[in-house]
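Shown next, in structure tokens, is the structure this report addresses.
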Amino acid sequence: MLVANWFALLVLFIAATGLFLARTWRWQIIFTAVQYATVFWFVQTQAGIAIGAVKLITGWMVCAVIVLSHPGSTSSEEKEALLPPEQFFRLVTISIALALSLAAAGNLSNWLGVSFPLAWGALFLIGTGLIVLGFTSQPFRIILGLLTTLAGFEMVYVTVEKSVLVAGLLAGVNLSLGLVGAYYLTLQAQEETE
Amino acid sequence: MNAPFIWIFLPAALAILLLLFRNARLNAIIGGFFCLFLAITAFLLPIDAALSLGQFNLKIAPAVNLLGRRLTLENADRALLVFLYGMTSLWFLASASVETKPHFVPTGLVLTALLISALAVEPFLYAALLIELAVLFITLILAASTHRPGKGALRFLIFQTLALPFILFSGWLLTGLEANPGDVASVTRAVTLLGLGFSLLLAVFPFYTWIPMLAEENPPYLIGFILWTLTTISTFFGLGFLDRYTWLRESPDFLTALQLVSVVMIASGGLLAAFQRHLGRLFGYAVIIETGFSLFAIGLGGQYGFTSFLLLLVPRALALALWAYTLSILTANSPKMELEALRSAGRSRPYAAVALALAILSLSGLPMLASFAAHLAIWNAAADLSFSLAIWILIGSFGLTIATLRILFNLFVPSENTPWQTQETWGQKIFLSLGGLAMFLFGLFPQWAIALWTTLPPLFQRLGQ
Chain A
113 MLVANWFALL
123 VLFIAATGLF
133 LARTWRWQII
143 FTAVQYATVF
153 WFVQTQAGIA
163 IGAVKLITGW
173 MVCAVIVLSH
183 PGSTSSEEKE
193 ALLPPEQFFR
203 LVTISIALAL
213 SLAAAGNLSN
223 WLGVSFPLAW
233 GALFLIGTGL
243 IVLGFTSQPF
253 RIILGLLTTL
263 AGFEMVYVTV
273 EKSVLVAGLL
283 AGVNLSLGLV
293 GAYYLTLQAQ
303 EETE
Chain B
324 MNAPFIWIFL
334 PAALAILLLL
344 FRNARLNAII
354 GGFFCLFLAI
364 TAFLLPIDAA
374 LSLGQFNLKI
384 APAVNLLGRR
394 LTLENADRAL
404 LVFLYGMTSL
414 WFLASASVET
424 KPHFVPTGLV
434 LTALLISALA
444 VEPFLYAALL
454 IELAVLFITL
464 ILAASTHRPG
474 KGALRFLIFQ
484 TLALPFILFS
494 GWLLTGLEAN
504 PGDVASVTRA
514 VTLLGLGFSL
524 LLAVFPFYTW
534 IPMLAEENPP
544 YLIGFILWTL
554 TTISTFFGLG
564 FLDRYTWLRE
574 SPDFLTALQL
584 VSVVMIASGG
594 LLAAFQRHLG
604 RLFGYAVIIE
614 TGFSLFAIGL
624 GGQYGFTSFL
634 LLLVPRALAL
644 ALWAYTLSIL
654 TANSPKMELE
664 ALRSAGRSRP
674 YAAVALALAI
684 LSLSGLPMLA
694 SFAAHLAIWN
704 AAADLSFSLA
714 IWILIGSFGL
724 TIATLRILFN
734 LFVPSENTPW
744 QTQETWGQKI
754 FLSLGGLAMF
764 LFGLFPQWAI
774 ALWTTLPPLF
784 QRLGQ
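Spelled out as structure tokens, the structure:
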């Protein structure tokens, strides 16, 4: 279990970093979906497989809703270089988030009595989500940032509150966020067509 | 029959029905009278008490079970139900005489029902989740009305969503502290998280930037209704925390922090309002100032503070509704809300221009107008606490007064192309006259503003004792 937790944490780091660095919407969605798979792993260690499955299915449904409504990548997005100069600064920023979350994870782990990988992963997701929110004004990326922050929070919150209603309402919040994102994308596509 | 069915599920069901109608005026009349009926019902019918109507015996149960949790509306909630549905009925009925989308009333009904369910859910900290769902619903309404996601709407979504984790987590911490309020480390953590959560939720300084942006980007009537309902319900949600936790309610540090942050909101809102050239943004700053006044009243603590808070509610609701209504009329021909675009508009719509001035002056606390009594009570208390606090609060109010003078000058500036006339419809003239009259009546008889809260059972068990 311990090794699996560390492996899940590694995948979570890659997914969250990838989400922040990715330039195309397809990769961003793929990284988000992978991120939800790691959230499932950590949640099921704390609240059982049923609640974990709720998080996983909700997360993947949100990804599916956004994919279905996405008009497709814009040409400017696809033509960008693989590692433009700004990516370096993004990488530095995410490294700072990694270091800060590492510094705070010990305290959180002791306070709530949760495993260290879970605490570190949750804080890193919250941090990455906030960074994504700070870096963009695009509705699509803002929704992904909010989903990432909430995913990190849910990983921690599930250790203290295992109510089915809370899980259901949080799933409702995630799905509604996905719907809002999908609606924004549809409006944006209409605007571009006009 | 149970209370959540009447005041939560029925309005939601009617909203779904009204979505089928494409006639905004019909929806406004049906929705308006239905909300009035709900307000009267809440006023007349006690909850969880037997009532004999001739041969019939009626008893409204207070709770309904939902997914293992309860939605509860008790007798103590009746005053709030009367206030919310009474004011909502005014918003809806008045919307019949201005241009609104057909979905305004159905979405308004859903929003009201959702926010009331947030106050009714037990355990009460789940309210944060329902408020978040309401926020997401609002985001959809706003996007549908403007056909694009504005920057204000996105910022609104971010700040409100970020409030959720803080409130949920602090709720969990506070539940643990009920047994052991002496644990200083946990108290500090809980208060910090709670403060951050409510700062984001109530758009407290410095998280209030989205309010003017949202008010600038969206139709004034829609945004007026949304800002009024959301801030009112969120404030009552916050009061629920204070009512429940004595140590929080009686903490001098917490009350002082609340006073300071609210004074910053009032002063900064007033100063920024004084320089605004966009009437929508000005409306946003007025909402910020009013939230500041509410928080300051709560921060005063005790019965005086709570009574001052209650005294603010009705005049503010009326003034904001009148303001949004007049803006809808003044911008009927041109959607622009800049002062330049509305130059001399008062000469063609004098009723609306005068009502607008009355609404803003009332919110700035001018004597004889509706909010004066509440503002005077707060100014007095602030002056007792600290002279500088009182001065900053007065500066905030004065900012709104300056804004009114600038608006009046622009609206009535002589223009050769705009002769004196009244372009308002009869319906609009009636609502504007009633609104203006209400501003004076509540100013002359301030006890009316609090009558609702004193006539019905007290809303909170411990607050204001």
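Residue numbers (the numbering used here), protein chains in the order written: chain A, 113 to 306; chain B, 324 to 788. The beta carbon of each residue, even a glycine, is placed where N, CA and C say it ideally should be. This one's a predicted model, so the numbers in the text were calculated from it and none came from an experiment.
Neighbours of glycine 391 of chain B in chain A, taken as residues at a C-beta separation under 9 Å, are given in chain order as Ser275, Val276, Leu277.
For chain B, the residues of the segment 287 to 304 of chain A that bring a beta carbon within less than 8 Å of one of its beta carbons are Ser288, Leu289, Leu291, Val292, Tyr295, Tyr296, Leu299, Gln300, Gln302, Glu303, in chain order. Shortest Cα-Cα distance from threonine 411 of chain B to any of B:Leu381, B:Leu396, B:Leu717, B:Thr430 involves B:Thr430. Secondary structure remark: continuous beta strand (DSSP E) runs of at least 3 residues inside the segment 221 to 288 of chain A: none found. The continuous alpha helix (DSSP H) containing phenylalanine 606 of chain B extends over residues 602 to 623. DSSP, read as helix, strand or coil, puts phenylalanine 379 of chain B in strand. In the three-state reduction of the DSSP assignment, leucine 133 of chain A falls in the helix class, which pools H, G and I. Using a Cβ-Cβ distance cut-off of 8 Å, the segment 647 to 662 of chain B and the segment 704 to 721 of chain B are not in contact, since fewer than three pairs of beta carbons, one from each stretch, lie closer than that value.
Between leucine 289 of chain A and leucine 459 of chain B, the C-beta spacing is below 8 Å. From the beta-carbon of isoleucine 481 of chain B, the residues of chain A found nearer than 7 Å are Leu245, Ile254, Leu258.
Taking a C-beta distance under 8 Å as the contact criterion, proline 327 of chain B and alanine 443 of chain B qualify as a contact pair.
Taken atom to atom, the span from the alpha-carbon of valine 115 of chain A to that of tryptophan 153 of chain A is near 12 Å.
Isoleucine 206 of chain A has its alpha-carbon roughly 35 Å from the corresponding atom of alanine 467 of chain B. By the rule that beta-carbons nearer than 8 Å mark a contact, histidine 470 of chain B touches chain A.
Using a Cβ-Cβ cut-off of 7 Å, phenylalanine 492 of chain B is close to Tyr269 of chain A, given in chain order. Among the residues of the segment 442 to 464 of chain B, those with a Cβ less than 8 Å away from any Cβ of chain A are Tyr449, Leu452, Leu453, Glu455, Leu456, Leu459, Phe460, Thr462, Leu463, in the order of the chain.
With a minimum length of 4 residues, the unbroken runs of alpha helix (DSSP H) contained wholly in the segment 671 to 753 of chain B fall at 673 to 686, 695 to 708, 710 to 735. For the options B:Tyr648, B:Phe721, B:Ala705, the alpha carbon positioned closest to that of glycine 758 of chain B is the one of B:Tyr648.
Between alanine 676 of chain B and the set B:Phe332, B:Trp330, B:Gly561, B:Gln744, the nearest pair of CA atoms involves B:Gln744. Pairwise C-beta distances place the segment 512 to 531 of chain B in contact with the segment 495 to 503 of chain B, as three or more of them are shorter than 8 Å. In this structure, the beta-carbon distance from methionine 267 of chain A to alanine 217 of chain A does not fall below 8 Å. Taking glycine 593 of chain B as the centre and dropping the five residues before and after it, the same chain places the C-beta of Ile612, Ile718, Gly719, Ser720, Phe721, Gly722, Leu723 closer than 7 Å to its C-beta, in chain order. DSSP places asparagine 350 of chain B within a helical segment (H, G or I) once states are collapsed to three. In this structure, phenylalanine 735 of chain B places its C-beta atom within 8 Å of the C-beta atom of glycine 669 of chain B. By the rule that beta-carbons nearer than 8 Å mark a contact, leucine 485 of chain B touches chain A. Looking from the CA of threonine 778 of chain B, the closest CA among B:Ala402, B:Ala372, B:Pro385 belongs to B:Ala402.
Excluding its 5 nearest sequence neighbours in each direction, isoleucine 546 of chain B has C-beta neighbours in its own chain below 7 Å: Leu537, Ala538, listed in chain order. Minimum Cα-Cα distance from leucine 519 of chain B among the listed residues B:Pro543, B:Pro535, B:Phe765, B:Phe489 corresponds to B:Phe489. Among the CB atoms of chain A, none fall inside 8 Å of the CB of proline 673 of chain B.
By the neighbour-count criterion, in which 16 or more other beta carbons inside 10 Å mark a residue as buried, lysine 167 of chain A falls on the buried side. Arginine 572 of chain B: member of the alpha helix (DSSP H) spanning 569 to 572, first to last residue.
Between the alpha carbons of isoleucine 454 of chain B and leucine 728 of chain B lies a gap of roughly 37 Å. Taking 8 Å as the upper bound for CB-CB distance, tryptophan 771 of chain B and phenylalanine 763 of chain B are not in contact here, some 12 Å apart.
With contacts defined as CB atoms closer than 8 Å, glycine 239 of chain A and leucine 212 of chain A qualify as a contacting pair. For leucine 524 of chain B, same chain residues with a beta-carbon under 6 Å away, outside a window of 5 residues either side, are Ala486, Ser557 in chain order.
Rounded to the nearest angstrom, the gap between the Cα atoms of glycine 284 of chain A and leucine 452 of chain B is 9 Å.
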